[in-house]
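In full-length UniProt numbering, the protein residues as written are 1 to 319.
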Amino acid sequence: MPKSHKPRPGPDASDLPDVDPAAGVGSGSDLGAIMAAIKQTEQNVLAKIDSSVMAAAGELHKKIDNLASDLRTEILNVRAEFAKAIEEIQKESATFSTRIDDLEEEANGQANRVVALEAKVDTLSTQVARLADKTDDLESRQRRDNCRLIGVEEGFVNIRPERAVAELLKEALALDYTPTLDRAHRSLQPRPKDGDAPRPIIVKFHYFQEKVDVLRKAMGAGPITHNGKRFYIYPDYSAAVRKKRAAFTEVRGLLRRCTGVKYGLLYPATLKITAPAGEQMSFEDPIKAKHYVETNLRCTLTGKRRHATVGCILCLDNV
């Protein structure tokens with residue numbers, strides 16, 4: 001859009017020359033005077049306009065200078081604030097860098113300690129496992145002369161239990177001698193309530209061969225009774241060995257239904273299977289043993305429960 005132009009102010013009465021209105025305008029002298037007056041008036045007007053413009057321009061320059069000074073001051077203040085903020089950020093960044101370096105160093109130290117501890121834990125775990133096996137072996141060796149009698153009613157062993165149990169074994173197994181017992185006592189459990197199963201009797205034989213003979217007679221004697229009630233004789237194993245042997249219970253249940261198969265649970269917990277064709281297999285893992293039985297042996301759903309014939313007394317079930 002074109003800029004709008006303000007009309008110039010007309011000449012004041014004081015700017016016009018003194019002209020007699022009654023005088024005629026036809027004479028050349030009067031015309032020249034009028035033109036001179038108009039020119040003078042124009043010069044006066046232009047002079048006033050120039051002075052006004054110069055005054056306005058001066059005021060505008062002054063305001064611009066003031067604004068520029070204020071703006072320069074604000075810029076300087078902002079720069080100073082930014083510089084101060086950047087300096088503080090740089091200080092904090094340097095502090096954080098130092099802390100990060102310290103943390104990295106500490107983390108590296110901790111990582112080295114963790115690696116050393118892991119190696120130590122592995123070594124200790126191996127030692128603990130070896131000591132646990134050794135402890136279990138020592139406990140089992142201490143139990144080599146022991147047997148467990150399961151199902152003997154409470155109240156049977158009161159006074160002189162060694163003699164009473166020895167007479168019980170001699171009578172129940174038709175032995176031609178009285179076994180020599182060092183100890184005989186109930187297991188360390190709370191006395192059962194009426195109607196509950198009696199506590200096992202733990203027996204320590206003085207002679208190992210007498211213990212072996214008793215277990216062999218128990219295997220071939222069929223049901224063993226006392227006062228018309230059946231009881232069982234088993235080797236006495238540690239809790240860890242009993243747990244390992246109990247894991248093969250399901251597999252042995254399958255083997256009892258397999259025709260022509262011989263099996264035995266060797267100490268501490270190794271299942272030995274002899275197939276009808278004479279092939280022998282040994283398993284320490286009950287899952288693998290079960291897979292072998294289900295895959296390679298023919299087992300019926302029904303069958304008589306029978307004792308194993310491999311491993312002698314070591315194949316007896318343990319309770």
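A virtual CB, placed ideally from N, CA and C, is assigned to each residue, including glycine. As the structure is a computational prediction, the values presented were derived from the model and not from experiment.
What would DSSP say about PRO286, mapped onto helix, strand or coil? The three-state secondary structure of PRO286, taken from DSSP, is helix.
Cβ of SER140 within 7 angstroms of Cβ of SER238? The answer is yes: Cβ separation under 7 angstroms.
Please classify LYS204: does DSSP put it in a helix, a strand, or coil? Residue state, collapsed to three classes: strand.
Option in ILE287, ALA269, PHE205, TYR292 with minimal Cα separation from GLN280: Ranking ILE287, ALA269, PHE205, TYR292 by CA distance to the CA of GLN280 puts TYR292 first.
Under 8 angstroms Cβ to Cβ from GLU294, same chain only, skipping five residues before and after it: list those, please. For GLU294, same chain residues with a beta-carbon under 8 angstroms away, outside a window of 5 residues either side, are LEU254 in chain order.
Report the rounded CA-to-CA distance for SER282 versus VAL241, giving the unit in angstroms. In a straight line, the C-alpha of SER282 is about 17 angstroms away from that of VAL241.
Continuous alpha helix (DSSP H) stretch holding LYS193: start and end: Careful: LYS193 lies outside any alpha helix (DSSP H) and carries neither H nor E.
Looking only at C-alpha atoms, which of ALA174, LYS243, THR98, PRO161 sits nearest to VAL203? Nearest option by C-alpha distance: PRO161.
Using 10 angstroms around the beta-carbon of VAL114, count the other beta-carbons present and answer buried if the total reaches 16, otherwise exposed. Counting the other Cβ atoms within 10 Å of the Cβ of VAL114 gives fewer than 16, which makes it exposed.
Quick check: the Cα distance between LYS217 and GLN127, rounded to an integer number of angstroms? A straight-line Cα-Cα distance of about 41 angstroms links LYS217 and GLN127.
Through-space distance from PRO200 to SER187, alpha-carbon basis: Using only the alpha carbons, I get a separation of about 6 angstroms.
So for PRO161, helix, strand or coil by DSSP? Helix, per DSSP.
Is the separation between the beta-carbon of ALA247 and that of LEU271 shorter than 7 angstroms? For ALA247 and LEU271, no; Cβs fall outside 7 angstroms.
Mind listing, in chain order, the continuous beta strand (DSSP E) runs of no fewer than 3 residues lying wholly within the region 26-97? Those beta strand (DSSP E) runs which fall completely within the region 26-97 and span 3+ residues do not exist here.
Distance, Cα to Cα, ALA269 vs THR123? Taking C-alpha positions only, ALA269 is separated from THR123 by approximately 26 angstroms.
With three or more beta-carbon pairs closer than 8 angstroms as the criterion, would you say the region 225-236 touches the region 141-157? Contact annotation: the region 225-236 touches the region 141-157, with at least three C-beta pairs closer than 8 angstroms.
What do you reckon, are the CB atoms on HIS206 and THR178 nearer than 7 angstroms? No, the Cβ-Cβ distance between HIS206 and THR178 is not below 7 angstroms.
ASP102 to GLY109 span [Cα, whole Å]: Cα-Cα distance, rounded: 10 angstroms.
Classification of GLU210 by the beta-carbon crowding that lies within 10 angstroms, buried from 16 upward: It counts as buried.
Give the secondary structure of GLY222 by DSSP, where H, G and I count as helix, E and B as strand, and everything else as coil. GLY222 falls in the coil class under three-state DSSP.
Three-state secondary structure assigned by DSSP to ARG143: In the three-state scheme derived from DSSP, where H, G and I count as helix and E and B as strand, ARG143 is classed as coil.
Which residue comes first and which comes last in the alpha helix (DSSP H) that contains LEU266? Here LEU266 belongs to no alpha helix (DSSP H); instead the beta strand (DSSP E) covers 262-266.
Which of the three DSSP states is assigned to THR135 in this structure? THR135: helix per DSSP, three-state reduction.
What whole-angstrom Cβ distance do ILE287 and CYS147 have, given they're in contact under 8 angstroms? In this structure ILE287 is not in contact with CYS147, their Cβ atoms being roughly 31 angstroms apart against a cut-off of 8 angstroms.
Have a look at LYS48 and LEU76 and give me their C-alpha separation to the nearest angstrom. The straight-line gap from Cα to Cα measures roughly 41 angstroms.
Can you have a look at VAL78 and say buried or exposed, based on whether 16 or more other CB atoms are within 10 angstroms of its CB? VAL78 sits exposed, since fewer than 16 C-beta atoms from the chains shown fall within 10 Å of its C-beta.
Does ASP122 come out as helix, strand or coil in the three-state DSSP assignment? DSSP places ASP122 in the helix class (H, G or I) of the three-state scheme.
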